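What the sequence shown shows, in the numbering used here, is residues 515 to 728, in sequence order.
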Amino acid sequence: MPGLVMIRVGEDPASVSYVSGKEKAAEEIGVWSQTIVLPEVNSEAELLSKVEEMNKAEHVDGILVQLPLPKHINADKVLNLIDPAKDVDGFHPVNVGKMLIGDPYFIPCTPHGAVELMIRSGNPPEGKHVVICGRSNIVGKPLMAMLVQKNKRANARPSYDSRGRGPGISFLRLGQGKGSGGDRRVVTNHRPARGQLGGGTPLQSRGNEQGGAC
């Protein structure tokens, strides 16, 4: 059984909620998971030591450090210490590079969800001009890297020009949570069949079917 370790520092309500959701998802798909909670007052060295321990643990296949981290901890230093082969978020520089060449260890979940949304709503990205409004390391940049790949799930022409027009798909950052450091949600400007997303959730189109501005 695959093993996932999630490390949370402190009791930030949003982080507690996100990790709880990931625990539930892991249980639903049959993945063993463990959450390690460290006090907010822990030093950066203590967190780095815990990451090193999980890197060496043979029963751990994936490591996820929940962001944001307390201000006294350098998030880049922590994320860069994670073994790239266990970096399920895809934030390690090695994984960023592997994503660009189309050979990722893991596909970042939010960009992957955005591509799935396009495909399942009947608007596959192949041959489209995709406008991405937002260039965070969490959503915008990895989404661009996914869409430039030459395959049926990509092969698009992404850009960050929010004024882009033409037959395409627009992705919009809806908001940024306090301390989140990146995009929270993406939507497309195309209406899928019957105007519904999965689960019967209504979808309101933005712009028109020829590619509305963001």
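Glycine included, C-beta positions come from ideal geometry on N, C-alpha and C. No experiment lies behind these values; they were computed from the predicted model shown.
Can you say whether residue i is buried or exposed, counting buried as having 16 or more other CB atoms within 10 angstroms of its CB?
{"i": "I577", "result": "buried"}
{"i": "T702", "result": "Confidence in T702 is poor, its pLDDT being 45 and thus under 50, which makes the residue's placement too unreliable to answer from."}
{"i": "S534", "result": "exposed"}
{"i": "K655", "result": "buried"}
{"i": "S557", "result": "exposed"}
{"i": "D617", "result": "exposed"}
{"i": "K585", "result": "exposed"}
Hey, quick one: how far does the beta strand (DSSP E) through residue i stretch, first residue to last?
{"i": "S547", "result": "546-552"}
{"i": "L578", "result": "576-579"}
Is the beta carbon of residue i sitting closer than 7 Å to the one on residue j?
{"i": "F620", "j": "V602", "result": "yes"}
{"i": "M632", "j": "P639", "result": "yes"}
{"i": "I563", "j": "L518", "result": "The displayed chain sequence assigns Ser, not Ile, to residue 563. Cβ atoms of S563 and L518: not closer than 7 Å."}
{"i": "G648", "j": "P622", "result": "no"}
{"i": "I596", "j": "V551", "result": "no"}
I'd like to confirm the pairing. Which residues does DSSP put opposite residue i in its beta bridges?
{"i": "G517", "result": "W546"}
{"i": "P672", "result": "V644"}
{"i": "V523", "result": "L552"}
{"i": "D601", "result": "I577"}
Start and end of the alpha helix (DSSP H) containing residue i?
{"i": "V629", "result": "623-634"}
{"i": "S563", "result": "558-570"}
{"i": "P729", "result": "Residue 729 lies beyond the residue range present for the chain, which begins at 515 and ends at 728; the question has no answer from this structure."}
{"i": "I664", "result": "The sequence given here has Lys at residue 664, not Ile. K664 -> no alpha helix (DSSP H), and no H or E assigned at all."}
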